[in-house]
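*Asks:* Here the sequence shown is numbered in the UniProt record's numbering, starting from 1 and rising by one per residue.
Where a beta carbon is used, it is the ideal one built from N, C-alpha and C, also for glycine.
Being a predicted model, the structure only gives us computed values, none of them experimental.
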Amino acid sequence: MSEILVLVEQVDGEVKKVTLELLTLARSLGTPSAVWAGPGFGADAKAKLAEYGAEKIYVAGSADVVDYVVAPKAELLAQLVGSATPAAVLVAATAEGKEVAGRLAVKTDSGVITDAVGLGEGFVADQSIFGGGVNVHSRVTKGTPIIAVRPNSTAPAPAPAAGAEEEVSVALSDSAKASKIVERVKQEKGARPELTEAAIVVSGGRGVGSAENFSIIEGLADVLGAAVGASRAATDAGWYPHQFQVGQTGKTVSPQLYIAAGISGAIQHRAGMQTAKTIVAINKDPEAPIFELADFGVVGDLHQIVPQLADEVSKRK
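(1) Taking only the alpha-carbon atoms, compute the straight-line gap between glutamate 21 and valine 117 and give it to the nearest angstrom.
(2) Just how far apart, CA to CA, sit histidine 246 and leucine 195?
(3) Return the chain-ordered ranges of every beta strand (DSSP E) run that is complete within the segment 36-98 and spans a minimum of 3 residues.
(4) Apart from the five residues on each side of it in sequence, which residues of its chain come closer than 6 angstroms, Cβ to Cβ, to glycine 53?
(5) Sort out for me which residues DSSP pairs lysine 251 with in a bridge.
(6) Do you know offhand how far proline 193's Cα is from valine 140's?
(7) In chain order, what residues of the same chain lie with their CB nearer than 7 angstroms to the CB of glycine 122, ignoring the 5 residues before and after it?
(8) Buried or exposed for lysine 317, please, with buried defined as at least 16 other CB atoms from any protein chain shown within 10 angstroms of its CB.
(9) Pop quiz: glycine 265 and isoleucine 290 are said to be a contact at Cβ under 8 angstroms. What is the actual Cβ separation, rounded to whole angstroms?
(10) Using the Cα positions of alanine 288 and serine 215, report the straight-line distance between them to the nearest angstrom.
(11) Is the segment 171-183 touching the segment 220-237 in the sense that three or more CB pairs, one from each, lie closer than 8 angstroms?
(12) Using only CA atoms, which one of Gln248, Leu224, His242 and Ile267 lies nearest to leucine 257?
(13) Distance check for aspartate 109 and glutamate 197, CA to CA, integer angstroms please.
(14) Smallest Cα separation from valine 59: which of Val168, Ala148, Val306 and Asn283?
(15) Quick one: is methionine 1 buried, meaning 16 or more other Cβ sit within 10 Å of its Cβ, or exposed?
(16) Tell me which same chain residues have a C-beta within less than 8 angstroms of the C-beta of glycine 205, skipping the five on either side of it?
(17) Nearest to phenylalanine 244 by CA position, among Lys284, Val201 and Gly207, is which residue?
(18) Start and end of the beta strand (DSSP E) containing isoleucine 4?
(19) Beta-carbon within less than 7 angstroms of histidine 242's beta-carbon, same chain only, minus the 5 sequence neighbours each way: which residues are those?
(20) List the DSSP bridge partners of phenylalanine 296.
(21) When the Cα atoms are used, what is the spatial distance from glutamine 248 to aspartate 174?
(22) Taking only the alpha-carbon atoms, compute the straight-line gap between serine 254 and alanine 227 and give it to the nearest angstrom.
(23) Going by C-alpha to C-alpha distance, which of Lys284, Val298 and Val182 sits closest to valine 69?
(24) Span of the alpha helix (DSSP H) holding glycine 118?
(25) For a minimum of 4 consecutive residues, which ranges assigned as the alpha helix (DSSP H) are wholly contained in the segment 189-276?
Quick look at the structure:
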């Protein structure tokens, strides 16, 4: 089967879940090869990538690959596209991943698809576009298909493979070194999962009423082992930090379960969460647009319903 390159997302040598999803997706279309960019590759990472189907692991361990902003990863992938002639390149549809995809498309004179939520035979991608108003099937018609896939679009499934390690080096151009990273500040990681990778997300909106009331949303999230999200109205009001905004101008999530509490369901918010597998809406307005999208809806006061729901979940744990 044809080789498919998968750019590894990792933090301090720990492979992120979205990479395992990409490897699982790649296995359905060809033979996955993982691409590790930067230092930190070790036995644990190799074992994890092999466990989820990486037949080959290209390791570019030079610090230069991560000491400059984004561009070196695109040059690394462009070099591998030239030497390995893969059938496609898959990256995570994160902010950085999509920029890498765009740069790689220019370098290889190829087509690029972003925010894919599914991928079928012939690398036909499923996409939700125009703020979530239209679902389309897209296919690259020129060069090597470069596809950025949303996290949580595929359930990761192990399928052990060889995981043969191959060292690679890349000679960076002057333009790739134009923006250098001079300092990194490590953000303390909380107990909750990362928003874009969480299997369950509980989000609050204008109906929450205040920053103090977001403790209700956090309480439900914690008993479910979920991430916390917020609508633009809530973040603009200063009730919750902007990095947790879900929507067209915030983050895009595709969890297994999305609970929207006190969120009306404006198109801006829907664009960021409508690909969730199951959507539960809680709103006191029975005419709220969010109910058109929800799989399950509860009409009522979230300040009563959400704590009761948290209590019931706690009882069953």
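*Replies:* On the basis of the coordinates in this document:
(1) 11 angstroms
(2) Before going further, note that residue 246 is valine rather than histidine in the sequence given. Rounded to the nearest angstrom, the two C-alpha atoms are 9 angstroms apart.
(3) 56-60 and 88-92
(4) Leu23, Arg27, Pro32, Ala159 and Ala161
(5) Val246
(6) 33 angstroms
(7) Arg139
(8) exposed
(9) 3 angstroms
(10) 23 angstroms
(11) no
(12) Leu224
(13) 31 angstroms
(14) Val168
(15) exposed
(16) Ala230, Ser231, Ala233, Ala234, Ala260, Ala261, Gly262, Ile263, Ser264 and His269
(17) Val201
(18) 3-7
(19) Thr235
(20) Val280
(21) 34 angstroms
(22) 12 angstroms
(23) Val182
(24) That residue, glycine 118, is in no alpha helix (DSSP H); its beta strand (DSSP E) goes 112-120.
(25) 214-224, 232-236 and 267-270
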